[in-house]
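Colleague:
Residue numbers (the numbering used here): 32 to 497.
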């Protein structure tokens with residue numbers, strides 16, 4: 032096509048564009064590629080953005096093809112972490128997305144321990160987790176709509192028919208994407224009435240940090256153990272694919288018409304997509320919790336007596352994994368069954384003896400002064416850490432070759448004191464052949480004693496944890 036074909040009368044003599052040398056000879060057909068760049072910034076917050084009704088707003092959207100997928104996700108993304116219930120015996124090898132958003136445990140460093148208490152804001156009602164109405168994602172949506180309106184008005188003024196078709200097609204595309212991807216999240220609801228048992232949870236990250244969550248069983252089920260299934264507005268897959276087809280046709284039509292717009296209109300499109308791409312990348316760098324509305328849950332701070340009081344989260348910093356594990360046993364009031372269930376410690380006679388000794392130390396201290404008490408001065412729960420040397424006691428048990436495990440069950444463990452290997456943590460306490468319904472706890476301890484001579488081969492692994 033000749034450079035004078037589509038743009039020959041694009042800039043009347045004497046206007047701003049005529050002051051730029053050879054402006055009418057610029058070839059901006061490549062500007063259409065700007066409309067499909069920036070997939071990473073769009074996908075970074077794709078799930079929460081499609082949870083908001085702003086997704087239906089007609090607007091210019093960078094990389095819309097990123098949301099025109101052949102199939103949609105059926106559940107929320109999960110995070111790294113081992114989630115173990117202290118009492119009920121539930122365990123998962125991954126952290127639910129909502130639990131991660133509410134608590135943000137990934138901000139903790141190696142061997143850190145943090146304590147919190149989670150309550151429901153309105154008791155008796157099913158919690159609703161949704162996207163924030165007023166958020167940075169909303170600003171991006173409004174910015175895209177403003178760019179769309181501005182280009183449409185300029186296209187009408189300049190009588191650029193191709194630009195009108197292009198901006199209408201690309202703007203309507205965002206609404207089509209919204210229809211196909213809008214979803215809701217319904218957390219489980221308790222239908223039986225009565226007293227709700229405690230559902231305290233310990234979250235362990237691979238780097239050795241712990242987050243102790245005090246909550247009831249309902250909350251533990253809602254944000255940690257229940258499946259986070261997505262319910263789409265349009266459930267039928269074939270209807271969704273028809274919408275994706277329509278969206279793909281609109282995208283191709285918009286890009287083709289964009290390549291045949293006048294230069295001045297293409298310049299406006301280029302500026303709009305560059306601004307939008309920058310805005311989406313900036314928002315993608317923000318923490319995900321800024322986009323979610325989790326006001327249905329209230330997070331109350333708690334702390335260990337040895338924590339850093341200057342830290343706003345009252346994080347307890349530790350030098351070793353053993354010290355961190357000891358602090359968590361204190362925060363769980365001496366319970367140790369969750370350690371086995373979650374694979375938080377090696378399965379050796381020495382480690383099991385150390386766990387029992389740690390539990391005894393906490394419960395002995397609790398008789399004289401409650402380990403957990405409410406600090407009225409600072410308005411939070413505080414856990415008093417007893418004067419006990421976890422590192423020294425562990426060395427005493429591991430370095431004694433004549434150590435023998437007592438021929439008694441772990442009396443301080445809850446109903447499921449089964450020892451699982453740390454590299455294969457249990458996901459169900461009743462489905463395993465060696466589970467609590469099929470194995471005698473006393474026999475379990477005897478088996479550990481019979482294998483104590485093999486502990487030397489695991490010394491390297493133990494040293495890394497301790």
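Beta carbons are placed, not taken as given, at the ideal position from N, Cα and C, and that holds for glycine.
Since the model is a prediction, treat every value here as computed from it, not as a measurement.
For a test of the three-state rule: what should DSSP assign to residue 328, helix, strand or coil?
Modeller: Three-state result, residue 328: strand.
Colleague: Starting from residue 151, follow its DSSP beta bridges and name the residues at the other end.
Modeller: BP columns for residue 151 point to 328.
Colleague: If you reduce the DSSP assignment to three classes, tell me which class residue 185 lands in.
Modeller: Residue state, collapsed to three classes: helix.
Colleague: Distance check for residue 377 and residue 243, CA to CA, integer angstroms please.
Modeller: Each residue's alpha carbon lies about 20 Å from the other.
Colleague: Measure the alpha-carbon distance for residue 430 versus residue 353 and round it to whole angstroms.
Modeller: Going by the C-alpha atoms only, they are around 15 Å apart.
Colleague: Can you confirm whether the region 190-200 touches the region 293-301 when touching is taken to mean that 3 or more C-beta pairs between the two stretches lie within less than 8 Å?
Modeller: As far as the Cβ criterion goes, the region 293-301 touches the region 190-200, which means the pair count is three or higher.
Colleague: Could you tell me the alpha carbon to alpha carbon distance between residue 82 and residue 321, rounded to whole angstroms?
Modeller: The straight-line gap from Cα to Cα measures roughly 14 Å.
Colleague: So the beta strand (DSSP E) residue 124 belongs to, where does it begin and stop?
Modeller: Segment 122-126, the beta strand (DSSP E) holding residue 124.
Colleague: Checking 8 Å against the spacing of the C-beta atoms, do residue 87 and residue 209 come in under that value?
Modeller: Yes. Within cutoff.
Colleague: Can you tell me where the alpha helix (DSSP H) holding residue 27 begins and where it ends?
Modeller: The chain is shown only over 32 to 497; residue 27 falls outside these bounds and no answer can be derived.
Colleague: Using the Cβ count rule (16 or more neighbours within 10 Å means buried), how would you classify residue 271?
Modeller: Flag for residue 271 reads buried.
Colleague: Okay, do the region 107-119 and the region 247-259 touch, 3+ Cβ pairs below 8 Å being the bar?
Modeller: Judged by Cβ distances under 8 Å, the region 107-119 makes contact with the region 247-259, as three or more pairs qualify.
Colleague: Taking residue 275 and residue 99 to be in contact with their CB atoms under 8 Å, please state how far apart those CB atoms are, rounded to whole angstroms.
Modeller: Confirmed, about 5 Å.
Colleague: From the DSSP output, in three-state form, read off residue 293 for me.
Modeller: Here residue 293 sits in coil by DSSP.
Colleague: Span of the alpha helix (DSSP H) holding residue 192?
Modeller: First-last of the alpha helix (DSSP H) with residue 192: 192-212.
Colleague: Report the CB separation of residue 89 from residue 203 in whole angstroms; it is logged as a contact under 8 Å.
Modeller: Indeed, because the Cβ distance is near 6 Å, the residues count as touching under 8 Å.
Colleague: If you pair each beta-carbon of the region 129-139 with each one of the region 378-395, do three or more pairs fall below 8 Å?
Modeller: Because the criterion of three Cβ pairs below 8 Å is not met, the region 129-139 and the region 378-395 do not touch.
Colleague: Does the Cβ-Cβ distance between residue 152 and residue 327 come in under 8 Å?
Modeller: Against a cut-off of 8 Å, the Cβ pair of residue 327 and residue 152 comes out as a contact.
Colleague: Is the beta carbon of residue 346 less than 8 Å from the beta carbon of residue 338?
Modeller: The answer is yes: Cβ separation under 8 Å.
Colleague: To the nearest angstrom, how far is the alpha carbon of residue 393 from that of residue 361?
Modeller: Straight-line Cα distance between these residues: approximately 6 Å.
Colleague: As a quick exercise: from 285, 248, 428, 214, pick the residue whose alpha carbon is nearest that of residue 267.
Modeller: That would be 214, whose Cα lies nearest to the Cα of residue 267.
Colleague: Report the option in 85, 335, 80, 279 whose CA atom is closest to the CA atom of residue 364.
Modeller: Checked all of 85, 335, 80, 279; the closest Cα to residue 364 is 335.
Colleague: For residue 317, which three-state DSSP category applies?
Modeller: DSSP places residue 317 in coil when its eight states are reduced to three.
Colleague: Report the option in 235, 175, 200, 283 whose CA atom is closest to the CA atom of residue 113.
Modeller: Comparing Cα positions, the closest option is 235.
Colleague: Hey, how far is the Cα of residue 160 from the Cα of residue 126?
Modeller: Each residue's alpha carbon lies about 16 Å from the other.
Colleague: Terminal residues of the continuous alpha helix (DSSP H) containing residue 353?
Modeller: Start and end: 352-362.
Colleague: What separation, rounded to the nearest whole angstrom, lies between the Cα atoms of residue 97 and residue 164?
Modeller: For residue 97 and residue 164, the distance between alpha carbons rounds to 23 Å.
Colleague: What do you get for residue 40, buried or exposed, if any count of 16 or more other CB atoms within 10 angstroms of its CB means buried?
Modeller: Its pLDDT being 49, under 50, residue 40 is placed unreliably in this model, and the value from its coordinates should be taken loosely. Residue 40 comes out exposed.
Colleague: How many angstroms separate the CA atom of residue 421 from the CA atom of residue 389?
Modeller: Near 8 Å, if we compare the C-alpha coordinates of residue 389 and residue 421.
Colleague: Beta strand (DSSP E) containing residue 116: first to last residue?
Modeller: Here the beta strand (DSSP E) through residue 116 covers 110-116.
Colleague: Since residue 235 is in the beta strand (DSSP E), which residue starts that stretch and which ends it?
Modeller: Residues 232-235.
Colleague: So residue 289 and residue 69 are in contact, right, with Cβ under 8 Å, and what is the actual spacing, rounded?
Modeller: Not a contact, Cβ separation roughly 16 Å.
Colleague: Taking the straight line between their C-alpha atoms, what separation do you get for residue 284 and residue 314?
Modeller: The alpha-carbon atoms of residue 284 and residue 314 are separated by roughly 29 Å.
Colleague: Considering only the beta carbon of each residue, do residue 369 and residue 115 sit closer than 8 Å?
Modeller: Yes. Within cutoff.
Colleague: Which value, in whole angstroms, describes the spacing of the CA atoms of residue 108 and residue 170?
Modeller: Roughly 24 Å between the two C-alpha positions.
Colleague: Keeping to the same chain, check which residues put their C-beta closer than 6 Å to that of residue 415; ignore five residues upstream and five downstream.
Modeller: Excluding residues within five positions, the ones whose Cβ falls inside 6 Å are 336, 402.
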